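Chains as they are written, first to last, in the numbering used here: chain H, 13 to 209; chain X, 5 to 208.
Rendered as structure tokens:
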């Protein structure tokens, strides 16, 4: 798909900052490029689940890599940047979710009004589905960021080894953290919305 | 009885993320330990519930990503603009080809809607057709009259509708199989208004 990166703003990823050209800068650019190629799509996928807005998710993901490129100290620290990238992306995704919550409520109200006018069964289904998605996102937002990341990435099909590398945790801890995150998610969901989905 | 397994290990067992040996040991243990079996059942139900809720969220298929050659993303122009430009260029090229296409002879005729018995209008340009009123009786030049003698009947165009039009473009088309050629008159509205078959004499 050629339009995958249509949401990416060119000024948002600058791998050649001022003073570029030295060997160190080129090495940093290569590091960011490798991380970009490895994680960009997965981050956009995760954020799309979280925000429901693919174009916005692409912007957020691009912004994460822009931030990374602007922090050479972080790149040179030789720490595992994968966990940092996903943490920043998830936090930005939750910020976007909160910022859009008011707009979404207005849209839902407008959609409900339109439904009363149209009275089409598909409109009702769409409205109920969107309401269910809103509930899931609200509960995810209330979780600890790492738990939310874990659930989102696990739902995307990442294996335990990949989850461990992405979140910067031990592979043997993934099962325990996943079980706790699921328990917390279910408890919060039932507390808010009862037994019904 | 074998050792009990932790909650995290049982969760990994459900996802088949344990080693083969551990998978077999957990399976054997669940057959003899009611507590672990109940815990495993509870974890499985919860995981299924959470998974069903998470699946409500639409996911963009990251597998279809086509990354740029470099992460320095170039300016991305809206796709439709490129298509519009291409379509305009194609249309302009086709229009130019229509006007520049060599024609074997001046294709001039006058058309009455129906029945079609038009008179030749010699003053018109090759790419134009003019409706000639029945009262108009213009003398045809000798040159055109000769051409009419060569192909007496098939010079006439057959109108496709009853709508009058003042000018148009004649386009020769080749229909296969059989290599049947025909001249089609397109009006200013872009629709075909009349046609005639081209006989062997005209082809050569």
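Even glycine gets a Cβ: it sits at the ideal position worked out from N, Cα and C.
This structure is a prediction, so every number in the text was calculated from the model and none was measured.
Fill in: C-beta neighbour in chain X for residue 98 (chain H), strict 9 Å
Position 86 of the first chain, counting from 1, holds the residue named residue 98 (chain H). No - not a single Cβ of chain X is within 9 Å of the one on residue 98 (chain H).
Item to complete: For residue 54 (chain X), return the contacting residues in chain H, with the cut-off set at a CB-CB distance below 8 Å.
Response: In the second chain, the residue the question calls residue 54 (chain X) occupies position 50. Result: 163, 194, 197 and 198.
Item to complete: Identify the contact partners of residue 190 (chain H) in chain X, using a Cβ-Cβ distance below 9 Å as the criterion.
Response: Counted from its first residue, the first chain places residue 190 (chain H) at position 178. Within chain X, the residues near residue 190 (chain H) are 12, 15, 16, 19 and 51.
Item to complete: With DSSP as the reference, label residue 176 (chain X) as helix, strand or coil.
Response: As a working mapping, residue 176 (chain X) is identified with position 172 in the second chain. In this structure, residue 176 (chain X) counts as strand in the three-state DSSP scheme.
Fill in: residue 73 (chain X) to residue 197 (chain H) span [Cα, whole Å]
Here the question's residue 73 (chain X) lines up with position 69 in the second chain. Here the question's residue 197 (chain H) lines up with position 185 in the first chain. Unreliable placement is indicated for residue 73 (chain X), whose pLDDT of 48 sits below 50; the coordinate value is still reported in the next sentence. Their Cα atoms are separated by approximately 40 Å.
Discussion item. Quick check: is the beta carbon of residue 90 (chain X) nearer than 9 Å to any beta carbon in chain C?
Written reply: The structure shown has no chain C; the protein chains it does contain are H and X.
Item to complete: Select from H:175, H:153 and H:48 the residue whose C-alpha is nearest the C-alpha of residue 16 (chain X).
Response: Here residue 16 (chain X) corresponds to residue number 12 of the second chain, with the count starting at 1. The option with the nearest alpha carbon to residue 16 (chain X) is H:175.
Discussion item. According to DSSP, is residue 169 (chain X) part of a helix, a strand, or is it coil?
Written reply: Taking the first residue of the second chain as position 1, residue 169 (chain X) is located at position 165. If DSSP states are grouped into helix, strand and coil, residue 169 (chain X) belongs with coil.
Practice prompt. With distances taken Cα to Cα, identify the nearest neighbour of residue 112 (chain H) among H:135, H:42, H:137 and H:68.
Written response: What you label residue 112 (chain H) is simply residue 100 of the first chain in a count that begins at 1. Looking at the Cα atoms, H:68 is the closest of the given residues.
Practice prompt. Taking only the alpha-carbon atoms, compute the straight-line gap between residue 160 (chain X) and residue 92 (chain X) and give it to the nearest angstrom.
Written response: Numbered from its first residue, the second chain carries residue 160 (chain X) at position 156. Numbered from its first residue, the second chain carries residue 92 (chain X) at position 88. Using only the alpha carbons, I get a separation of about 35 Å.
Discussion item. Short of 6 Å in beta carbon distance, which residues of its chain neighbour residue 180 (chain H), apart from the five on each side in sequence? Order them along the chain.
Written reply: Within the first chain, numbered from 1, the residue matching residue 180 (chain H) stands at position 168. Taken in chain order, the residues that qualify are 92 and 95.
Worksheet item: What's the gap between the Cα of residue 106 (chain H) and the Cα of residue 14 (chain X)?
Response: On the first chain, position 94 is the one that residue 106 (chain H) refers to. On the second chain, position 10 is the one that residue 14 (chain X) refers to. Those two C-alpha atoms are separated by around 31 Å.
Worksheet item: For the segment 46-101 of chain H, which segments carrying the alpha helix (DSSP H) assignment without a break, of at least 4 residues, lie completely within its bounds, in sequence order?
Response: 66-81 and 84-88
Discussion item. Just checking: is the beta-carbon of residue 201 (chain H) within a distance shorter than 9 Å of some beta-carbon in chain X?
Written reply: The count along the first chain starts at 1 and reaches residue 201 (chain H) at position 189. It does; some Cβ of chain X falls within 9 Å.
Discussion item. I want to verify the contact list: residues of chain X whose CB lies under 7 Å from the CB of residue 144 (chain H), in sequence order.
Written reply: Start at 1 with the first residue of the first chain, and residue 144 (chain H) comes out as number 132. By Cβ distance, chain X contributes 60.
Worksheet item: With a CB to CB cut of under 6 Å and the five nearest residues on each side skipped, what residues in its chain are close to residue 30 (chain X)?
Response: Translated into the one-based positions of the second chain, residue 30 (chain X) becomes position 26. Excluding residues within five positions, the ones whose Cβ falls inside 6 Å are 9 and 17.
Worksheet item: Just the Cα atoms here: how many angstroms apart are residue 200 (chain X) and residue 169 (chain X)?
Response: One-based indexing of the second chain puts residue 200 (chain X) at position 196. One-based indexing of the second chain puts residue 169 (chain X) at position 165. Their Cα atoms are separated by approximately 17 Å.
Practice prompt. Return the chain-ordered list of same chain residues with a C-beta closer than 7 Å to the C-beta of residue 51 (chain H), the five sequence neighbours on each side being excluded.
Written response: Here the question's residue 51 (chain H) lines up with position 39 in the first chain. So the list reads 94 and 97, once near-sequence residues are dropped.
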